[in-house]
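Asker: Numbered according to the working numbering, the sequence shown spans residues 7 to 867.
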Amino acid sequence: MPLFCDVALAVPLEMVFTYAIPPGMEPAVGGRVLVPFRQQRLSGIVVELHDRPPQVLTSQRTASQVKIKKVIEALDLSPVLDEQLLKLGKWIANYYLAPIGEVFRTMLPLSAEFKRSVEYRITDAGRMALHLAGMSGSPARSKRTPEQQLVEFRVLDYLAERESVQEERLRGATRVVKPLLNGMVRKKWIAREDVSAARDVARMVKVAVLLAAETGVAGINESDDGAPGVPARLVPATSLRAGSRDARPSTDKTKKLNENQRTLIEVLAASGGRVPVEALRGLDVPRTTLGTLVRRGLIELADEPQDFTASKLKPRQSPFEFEFSAAQNEALGKIGEAVASRKFAGLLLHGITGSGKTAVYLACMRQVLDAGRSSILLVPEIGLTPAVAADLHQVFGDEVAILHSGLSDAERAEQWHRIRRGEARVVAGTRSAVFAPMSDLALVIVDEEQDSSYKQEETPRYHARDVAVMRAKMAGAVVVLGSATPSLESYYNAKKNKYALVELPDRVEKRPLPEVEIIDMRQEFQETGQEQVISRKLAEEIRARLEKKEQVMVLLNRRGYSPVVLCRACGKTLQCKNCAVSMTHHKRERKMECHYCGHVEHIPDKCAHCGSEYVYFVGTGSEKLEELLHGMFPQARIGRLDRDTVRGREDFEHALNALNEGALDMLVGTQMIAKGHDIHGVTLVGVVGADMALGLPDFRAAERTFQLLTQVGGRAGRGQSPGKVVLQTYFQEHYAVQFAARHDFAGFYEKELQFRAWMHYPPYSAIANVLIRSEKLDDALTWSGELGRWFEKRRHEGIRVLGPAAAPITRLKRDYRYHFILKSPSREKMNTLLRAMLAEAAARKIPRTQVTVDVDAVWLM
Ligand code: ADP
Ligand code: ZN
Ligand code: ZN
């Protein structure tokens, strides 16, 4: 065994650390080890095994004097990151200038297997202090207040009677706060030890077991497709049911089962009577149903070891009830061909809204699975609804692993192991699913590739779409980027033949795209003499739909009741105390809330600046819009979908199901209503506020607005009746608005590219945003000034450095913010300059945590 290993630790330092390997221990490259680091124990990834003794960095001492620390424990016998994922991690660290250890931490969702724990014990000095205090009644001179001293002695007292005590327990028992503990450690009264260790997780899964004797009572019929008990279609699109509640639990087992209960029983029966509970979650049945059946004694829950081989939820052979269109077949053929060639290829699937992209994805993935290979489907944060999960389970049975933000750490680790063992060869998930540990990866699909939720806004600041492309390259796999509104970057790549362009130019069954009518709200103001939220035309169209029993969606991309509170006397607005932004009034919850940091305040009855009582609530958010619509259409059943009404995935689905079933006439909401949903009854989409972004100093504002307008318009007319969009705007002539109204993606793209070329923005230049922030204004100013002068001195061929300038949001979460924007035709040169800048910042003792480097920044505010 080699003598040393280099370990990547999740600390904000751009380096790896060398440790000695004790005799007999056999860590693996790509495996985790537990090591001492400063006063703690950390787990890290072994990146290299070698025999080179570490060098001392300070020149004075001799190399032989270093005392090298030892690995405490090897946590894995075999790598948790295979060669490809290790390579991918290194690529990310290099491309996004992120510490490699932090990259690996993001790639591995295994934190549940490592238990952090710190213990304290009293020292001799501590016993002495306690003793002296007991003698004299008061301790020696101290900087602490009498209250603090009391707490200190409570801690000493508590520890004196015990061997060593875990931090949480000590804090609970003595109510000591962390700074006081730190001080006591510094005084050497107490000693701290990190005893973190691997947690022995016996991986068990919950399994639902059908109690056979009872099924006859339940009266299952043979279904007509030959397979006994298999429901013909588990998730008919039209039967999505909101709020259906199970019958009350009853001891009478012969009592008739409701439809949800029957579905569950039938699925269990069809799958051999034992199915992991997790797999049942994918069915379109409320979570409570299983519990009800358990209480009724029809189903039993059991724990089984993770890799039990009991029967699985069977996939249906043909998930699609329709014939694929010619365009869909062609897309399927092209993707299939690329996959079969076993070489890297990138395809951009540009399909208009309602063109049936999802069916193409699922069919491709099915083919890959049938060939015994693996695939990953990435979806935006908001795209992973239970309905999508149900579709996936239906097509792939429990060969699919679904990774979403609602999973606990332990569940996430469990899924990870399932994938790694090869039990789940289809993975669907949000951003980080791009790191799923599959072998023989054949296909990666990125749905709605332009979605900004693919960009991680914390270290490492990677973009999952771009990582997907790189991962496919390394695996010799095919990557498919799908969208109705591709990003400029991807479309440009397709035009340059870096990706093959595949188009679905028509809606399925030749349904027409909706007609779009633009309402100029400035003119509306002139004609009515009043600021209107809902134009006369939109009101008239809504009324007409309601009379015809058709459904309406209204988009206002701003939550809350009123976005601004203004004092008419002094003209000041109520700003967040942590951020330079207005606080938003939330009427129902009776509060003011900052949408950037979450800070909450009381609703003011007078101005905080001048004391005047003339405070006005200005502007309209989705909450107020809902109220206005209620007033205008008292008979209509109106639902609202935004971050205030949606707490979890279930609320989200609940509202959409209600609309789908006709339990709602109208759905109001933020961009949450715009994406992906396929609700056939909606024939009118009203856009009340979606052009706000056009007023922001962000070069992607036009692109975002075009995408949002196209997406929300795409919700109209997906059923038998054609749709219409009424688009209210204050930017009537803006090309983003005009092209969206004409469904002219190519036109928008040409125009926007011109602007990007003139301004040296992506896709013509690589960009990076360098943010300097501090709670102290002075520090932020000094540091950004210093780095500004440094950039100045190193004027580079072709690299433009803008700044330092105050960031558009000059204060956020208490930090003052200054930034630089770098633009460069050569990404390599830009990264070299950024790396030199980080070294300069380190030399000037600017804390690394206060300098954020965001390569390919999406959010420039
Ligand atoms: P997109 O994602 O492109 O907007 P979807 O994949 O959501 O479109 O498909 C829209 C609807 O059309 C879905 O209800 C889907 O089941 C249905 N669909 C897909 N392909 C076909 C087809 N060939 N014929 C009929 N309906 C189809
Ligand atoms: Zn005032
Ligand atoms: Zn704030």
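Even for Gly, the Cβ is constructed at its ideal location relative to N, Cα and C.
Have a look at Thr626, Leu510, Gly701 and flag the residue whose alpha-carbon is nearest the alpha-carbon of Leu562.
Answerer: Thr626
Asker: I'd like the span of the beta strand (DSSP E) that includes Lys730, first residue to last.
Answerer: 730-735
Asker: Closest to Val195 by C-alpha separation, out of Cys582, Ala131, Ala332, would be which residue?
Answerer: Note that residue 195 is Trp in the sequence shown here, rather than Val. The shortest C-alpha separation from Trp195 is found at Ala131.
Asker: What residues are listed by DSSP as bridge partners for Ile382?
Answerer: Val433, Val450
Asker: Taking the straight line between their C-alpha atoms, what separation do you get for Gln61 and Lys73?
Answerer: 11 Å
Asker: Nearest to His601 by CA position, among Pro610, Val587, Ala614, His608, is which residue?
Answerer: Val587
Asker: Report yes if the C-beta distance between Val522 and Ala747 is below 7 Å; otherwise report no.
Answerer: Yes, these two residues count as a Cβ contact at 7 Å.
Asker: Per DSSP, His356 is paired with what?
Answerer: Ser489, Glu509
Asker: Are at least three pairs of beta-carbons, each pair with one atom in the stretch 665-675 and one in the stretch 554-569, less than 8 Å apart?
Answerer: The stretch 665-675 vs the stretch 554-569: in contact.
Asker: Can you tell which of Leu156, Leu94, Leu307, Val401 has the C-alpha that lies nearest to the C-alpha of Thr180?
Answerer: Ranking the options by Cα distance to Thr180, first place goes to Leu156.
Asker: Can you give the beta carbon distance from Leu91 to Phe441, rounded, assuming they're within the 8 Å contact cut?
Answerer: 7 Å
Asker: Considering only the alpha carbon of each residue, which of Leu165, Gly303, Thr359, Glu417 lies closest to Glu515?
Answerer: Thr359
Asker: Rounded to the nearest angstrom, what separates His740 and Pro492 at their Cα positions?
Answerer: 20 Å
Asker: Using CA coordinates, which residue listed in Lys829, Leu398, Lys730 is at the minimum distance from Ile548?
Answerer: Lys730
Asker: Under the assumption that Glu125 contacts Gln172 (Cβ atoms under 8 Å), give the Cβ distance between them as a whole number of angstroms.
Answerer: 6 Å
Asker: State the Cα-Cα distance for the pair Leu700 and Gly403, rounded to the nearest angstrom.
Answerer: Distance between the alpha carbons of Leu700 and Gly403: 45 Å.
Asker: Nearest-angstrom Cα distance between Glu284 and Gln267?
Answerer: 17 Å
Asker: Grab me the residues of Ser361's own chain with a C-beta within less than 6 Å of its C-beta, minus the 5 sequence neighbours each way, in chain order.
Answerer: Leu510, Arg513
Asker: Tell me, which residues are paired with Cys11 by DSSP?
Answerer: Tyr25, Leu55
Asker: In angstroms, rounded to a whole number, what distance separates the CA positions of Leu353 and Leu81?
Answerer: 40 Å
Asker: If we count the other Cβ atoms within 10 Å of its Cβ and call it buried at 16 or more, is Thr689 buried or exposed?
Answerer: In summary, Thr689 is buried, with 16 or more beta-carbon neighbours lying within 10 Å of its beta-carbon over all protein chains present.
Asker: Below 6 Å, is the gap between the Cβ of Tyr822 and the nearest heavy atom of ligand 3?
Answerer: no
Asker: Near Arg817, what residues of its chain come up, given a Cβ to Cβ distance below 8 Å and the 5 sequence neighbours on each side ignored?
Answerer: Asn584, Cys585, Ala586, Arg823
Asker: Could you give the first and the last residue of the continuous beta strand (DSSP E) run that contains Cys582?
Answerer: Taken as a continuous stretch (DSSP letters only), Cys582 belongs to no beta strand (DSSP E), as it is neither H nor E.
Asker: Alpha helix (DSSP H) containing Tyr164: first to last residue?
Answerer: 152-166
Asker: So which of Val473, Leu715, Gly725, Tyr736 has the shortest CA-CA distance to His749?
Answerer: Leu715
Asker: Rounded to the nearest angstrom, how far is the Cβ of Thr436 from that of His399, given a contact under 8 Å?
Answerer: That pair is no contact at about 17 Å.
Asker: Cβ of His605 within 6 Å of any heavy atom in ligand 3?
Answerer: Look at His605: its beta carbon is less than 6 Å from one of the heavy atoms in ligand 3.
Asker: Cβ of Ser588 versus every heavy atom of ligand 2: is any distance shorter than 6 Å?
Answerer: no
Asker: Within the continuous alpha helix (DSSP H) that includes Val718, where are the two ends?
Answerer: Taken as a continuous stretch (DSSP letters only), the alpha helix (DSSP H) holding Val718 covers 707-719.
Asker: With a threshold of 16 other CB atoms inside 10 Å of the CB of Gln529, please say whether the residue is buried or exposed.
Answerer: exposed
Asker: Taking the Cβ atom as the reference point for each residue, do Tyr102 and Arg467 lie within a distance shorter than 7 Å?
Answerer: yes
Asker: Using 7 Å as the threshold, is the C-beta distance between Gly719 and Pro518 below it?
Answerer: no
Asker: From Lys597 to Gly577, what distance separates their C-alpha atoms?
Answerer: 21 Å
Asker: Have a look at Lys184 and Ile827 and give me their C-alpha separation to the nearest angstrom.
Answerer: 39 Å
Asker: With 16 other CB atoms within 10 Å as the buried threshold, where does Cys613 fall?
Answerer: buried
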